[in-house]
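Enquirer: Residues in the sequence shown are numbered from 1 upward in steps of one, following the numbering used here. Yeah, the Cβ is synthetic: ideal placement off N, Cα and C, and Gly gets one too. Note that this is a predicted model, so its numbers are computed, not measured. Quick one: the structure is below, and I'll ask about it shortly.
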Amino acid sequence: MWMTLQVKTLEQPATLTFGQQQIQLPVVQGSEQELGLDISRLRSATGMITLDEGYVNTGSTRSGITFLDGEQGILRFCGYPIEQLCAQCDFVEVSYLLIYGHLPTRQQLSEFQDSIRKHTMLHEDMRSFYSGFPRDAHPMAILSSVVSAMSTFYQDSLDPTAPDQVELCVRRLIAKLPTIAAYSHKKSVGQPFIYPQNDLDYVENFLQMMFAVPSEPYEVDPDFVSALNLLLICHADHEQNCSTSTVRMVGSANANLFASIAAGVCALWGPLHGGANEAVVNMLNQIAADGGDVKKYVALAKDKSHGFRLMGFGHRVYKNFDPRAKIIKAACDRLLAKRAIHDPLFDIAQELEATALSDEYFIERKLYPNVDFYSGVIYRAMGIPVQMFTVLFAMGRLPGWIAHWKEMHSSDGNRICRPRQVYTGPTERPLVPIDQR
Ligand code: ACO
Numbered sequence: 001m002w003m004t005l006q007v008k009t010l011e012q013p014a015t016l017t018f019g020q021q022q023i024q025l026p027v028v029q030g031s032e033q034e035l036g037l038d039i040s041r042l043r044s045a046t047g048m049i050t051l052d053e054g055y056v057n058t059g060s061t062r063s064g065i066t067f068l069d070g071e072q073g074i075l076r077f078c079g080y081p082i083e084q085l086c087a088q089c090d091f092v093e094v095s096y097l098l099i100y101g102h103l104p105t106r107q108q109l110s111e112f113q114d115s116i117r118k119h120t121m122l123h124e125d126m127r128s129f130y131s132g133f134p135r136d137a138h139p140m141a142i143l144s145s146v147v148s149a150m151s152t153f154y155q156d157s158l159d160p161t162a163p164d165q166v167e168l169c170v171r172r173l174i175a176k177l178p179t180i181a182a183y184s185h186k187k188s189v190g191q192p193f194i195y196p197q198n199d200l201d202y203v204e205n206f207l208q209m210m211f212a213v214p215s216e217p218y219e220v221d222p223d224f225v226s227a228l229n230l231l232l233i234c235h236a237d238h239e240q241n242c243s244t245s246t247v248r249m250v251g252s253a254n255a256n257l258f259a260s261i262a263a264g265v266c267a268l269w270g271p272l273h274g275g276a277n278e279a280v281v282n283m284l285n286q287i288a289a290d291g292g293d294v295k296k297y298v299a300l301a302k303d304k305s306h307g308f309r310l311m312g313f314g315h316r317v318y319k320n321f322d323p324r325a326k327i328i329k330a331a332c333d334r335l336l337a338k339r340a341i342h343d344p345l346f347d348i349a350q351e352l353e354a355t356a357l358s359d360e361y362f363i364e365r366k367l368y369p370n371v372d373f374y375s376g377v378i379y380r381a382m383g384i385p386v387q388m389f390t391v392l393f394a395m396g397r398l399p400g401w402i403a404h405w406k407e408m409h410s411s412d413g414n415r416i417c418r419p420r421q422v423y424t425g426p427t428e429r430p431l432v433p434i435d436q437r
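See below:
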C-alpha cells in the first residue's frame, strides 16, 4: 500500500494519508532548522510501525549536545565549532563543556580538575584483577571488563536517580579511565603498573602511566601532550553514533553509569566504528608489505565480491568531508614535520586518499576519509601500540557518552528504549516430538 505525506507549514502537523485513513503527525523543528516527524502515535492510530534498518533515517531523541551537518562538514559541541575547541581548549575543558552544557570559568575548571585528580587511583584490589587476563588480551576487552567491574568496587555511586551519586560516578570514570587504559598496556608489555602522578595534568598523567618505568626518569613530551589533547577533543562526542546510542539504550533501562559505559566500550570496539583506527593502520601495513600498490587496494575496495573496504573511509552522516579528519591530518603533518619523522604509512595514506578521492566509485558514494584515517599515524609517532588506538578513542568519547546518558535521564520524555520489528519468521506450527523429527 502506498501512502502520501503532506507537510503544509512547519507550524501545522503533517498529514499522512493511506487508503481512506488520515493521521496527523506533529513536525518537530530543531534549533538548526532540522525537521523530524513525530511518529510515536503512528502504531496506536494505524497499527503500523516504521521500518528503518540500521536507523539510517530514525531520530531516536531530541538532543542539545552536538550538532553536525554531514552535507557541509560542520561539527559543533554545545554550539562551539570543533575547530575553535581544538585551537583554544584542552580535553578536560571540553569534557566539562559536554557534561555540564557550558564552558567553565577558571574556578569551575580548577574545581573539576582537582576532583578528577583526587580519583585517579584505582582501588588497590583492582590491580590484581589484571593478573587474570591473558598477556595478549585486547586492551578494549580489558577496558570494558574493568569499567564494568567498577560497579563492584564503587557501590556507593550506582543509583542513576541520585544526582550526587551520578556526579561521583562521572568524576570517577573520567579520572580512572586513563589509569585503567595505561594498566592494560603495561599488562601487555609485562611492565609494572605506574601509579598516577597528580601534579601532572590529565593527558600528561596518562602518558607517564603509559610510558614511564620505575628504573629511569620519564619526561612528558609537550608536543605529544598537545597532539593527544587535540585527538581526544576530536573524538569527544558525535551525537547518536553506535556506541553513544548503546550507552543511551543500556542507560534507558536504569542500568548504572559504569555498566552503561562498559557497553559503550564494547560497541566502540567494532571495526566499523571506533575499531577502524586500528584497522586503518593494519590495512596500511598490509599495503606497504604488499609493495605499496595503492591502486590495487582501491580496486579491491570497489570489488563487491571481495568484501574488502577501505578502512577509515566513509561515514553514515558525513557526505562531504569529515571536519575532524581535516584537523587531524593537519596535526599529523605538523607533528611529523616538527619531529622530522618520516613514516612511510603516512605517505601511503596520503596516496590512498588522493587516489580514492579522484575515483568515480568514491565520488559517487560521497566517501571521504573519516576521523580514523589519520589518527593512527599520530599515535604511531607517539609510540602508542596499535592495539591501544581504540582505547584512546574510548578515553576521548567518554565525556560524550556521559553527557548523553545524563541528558537522557534528565529529559521529560525519558522511557526505556525498545524498538519494534516486522516479524518475518514461520507462522504458528505444531511442535513435533523429538523422536519424530
Ligand atoms: N570502502 C569501500 N566502499 C565503501 C566504504 C569503504 N570504506 N564505505 C562505504 N562503501 C560503499 C558501500 O559498499 C556501499 O556501496 P553500494 O551503494 O554500492 O552498496 C555505499 O558505499 C554505502 O555504504 P554503506 O555501508 O551503506 O554506508 P553506511 O552508512 O551503512 O556505513 C560506514 C558507514 C560503516 C562508516 C562505512 O562507510 C564503512 O564500513 N567504512 C569503513 C569502516 C570505517 O572507517 N569506520 C569508521 C567510521 S567513523 C567512526 O565510527 C568513528
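So, with DSSP's three-state summary, where would you put Gln191?
Expert: coil
Enquirer: Taking the alpha helix (DSSP H) that Asp343 falls in, what are its first and last residues?
Expert: Segment: none, Asp343 is in no alpha helix (DSSP H) and carries neither H nor E.
Enquirer: Verify whether the separation of the beta carbon atoms of Ala403 and Ile65 is less than 8 Å.
Expert: yes
Enquirer: Where are the beta strand (DSSP E) runs, 3 residues long or more, that stay fully inside the segment 32-67, in chain order?
Expert: 35-37
Enquirer: Hey, Gln240 and Ser60: beta-carbon distance below 8 Å or not?
Expert: yes
Enquirer: Within the continuous alpha helix (DSSP H) that includes Leu431, where are the two ends?
Expert: That residue, Leu431, is in no alpha helix (DSSP H); it is neither H nor E in DSSP.
Enquirer: Helix, strand or coil for Ile74, going by three-state DSSP, please let me know.
Expert: strand
Enquirer: Going along the chain, which unbroken runs of the alpha helix (DSSP H) with 4 or more residues stay wholly within the segment 314-359?
Expert: 323-338, 344-357
Enquirer: Where do the N-terminal and C-terminal ends of the alpha helix (DSSP H) with Asn247 fall, by residue?
Expert: According to the sequence shown, residue 247 is Val rather than Asn. Val247 -> alpha helix (DSSP H) spans 242-251.
Enquirer: Under 8 Å Cβ to Cβ from Leu200, same chain only, skipping five residues before and after it: list those, please.
Expert: Answer for Leu200: Gln208, Val220, listed in chain order.
Enquirer: On the three-state DSSP scale, how would you describe Leu16?
Expert: Strand, per DSSP.
Enquirer: Going by beta carbon distance, what residues of the same chain come within less than 6 Å of Asp372, once the five residues before and after it are set aside?
Expert: In chain order, Ala276, Asn277, Val280, Gly312 place their CB closer than 6 Å to the CB of Asp372, counting only its own chain and leaving out the 5 sequence neighbours on each side.
Enquirer: Does the beta carbon of Leu173 fall short of 7 Å from some heavy atom of the ligand ACO?
Expert: no
Enquirer: Arg76: which of His235, Leu357, Arg420, Ile384 sits nearest, CA to CA?
Expert: His235
Enquirer: With three or more beta-carbon pairs closer than 8 Å as the criterion, would you say the segment 390-398 touches the segment 250-268?
Expert: Contact holds: three or more Cβ-Cβ distances are below 8 Å.
Enquirer: What is the DSSP secondary structure of Thr4, reduced to helix, strand or coil?
Expert: Note: Thr4 maps to strand in three-state DSSP.
Enquirer: Only counting the same chain, and skipping five residues up and downstream in sequence, which positions put a Cβ closer than 7 Å to that of Leu37?
Expert: Hits under 7 Å: Ala14, Leu25, Val27.
Enquirer: DSSP has Asp69 in a bridge; who is on the other side?
Expert: In DSSP, Asp69 forms a bridge with Ile74.
Enquirer: Per the contact definition of three or more C-beta pairs closer than 8 Å, is the segment 163-183 in contact with the segment 112-120?
Expert: yes
Enquirer: Note down the Cα distance separating Gly79 from Leu103, rounded to an integer number of angstroms.
Expert: 11 Å
Enquirer: Excluding five sequence neighbours on each side, which residues of the same chain lie with their C-beta closer than 6 Å to the C-beta of Ile99?
Expert: Pro399, Ile402, Ala403
Enquirer: In angstroms, rounded to a whole number, what distance separates the CA positions of Glu351 and Asp290?
Expert: 15 Å
Enquirer: Following a CB-centred definition, is Leu310 positioned closer than 7 Å to any heavy atom of the ligand ACO?
Expert: yes
Enquirer: I want to check one thing, is the minimum distance from the CB of Asn370 to the heavy atoms of the ligand ACO below 7 Å?
Expert: yes
Enquirer: Taking 8 Å as the threshold (C-beta atoms), are Leu230 and Ile74 in contact?
Expert: no
Enquirer: Could you give the first and the last residue of the continuous beta strand (DSSP E) run that contains Leu25?
Expert: 21-25
Enquirer: Say yes only if the C-beta of Phe77 is nearer than 7 Å to one or more non-hydrogen atoms of the ligand ACO, and no if none qualify.
Expert: Outside the cutoff, so no.
Enquirer: Is it the case that the CB of Asn282 approaches a heavy atom of the ligand ACO more closely than 7 Å?
Expert: no
Enquirer: Does DSSP put Val92 in a helix, a strand or coil?
Expert: helix
Enquirer: Answer yes if the segment 240-255 comes into contact with the segment 411-426, meaning at least three C-beta pairs across the two stretches below 8 Å, and no otherwise.
Expert: Two segments are said to touch when three or more pairs of C-beta atoms, one from each, lie closer than 8 Å; by this definition the segment 411-426 touches the segment 240-255.
Enquirer: Using DSSP with H/G/I as helix, E/B as strand and the rest coil, what is Tyr379?
Expert: helix
Enquirer: Sort out for me which residues DSSP pairs Gln29 with in a bridge.
Expert: Leu35
Enquirer: Count the other CB atoms, across all protein chains shown, that sit within 10 Å of the CB of Glu216; report buried if there are 16 or more and exposed otherwise.
Expert: exposed
Enquirer: Looking at Ser188: is its Cβ nearer than 8 Å to the Cβ of Arg106?
Expert: No, these two residues do not count as a Cβ contact at 8 Å.
Enquirer: By Cβ distance, which residues of its chain are closer than 8 Å to Gly270, with the 5 residues on each side in sequence left out?
Expert: Cys242
Enquirer: Please report the distance separating the alpha-carbon of His306 from that of Glu34.
Expert: 38 Å
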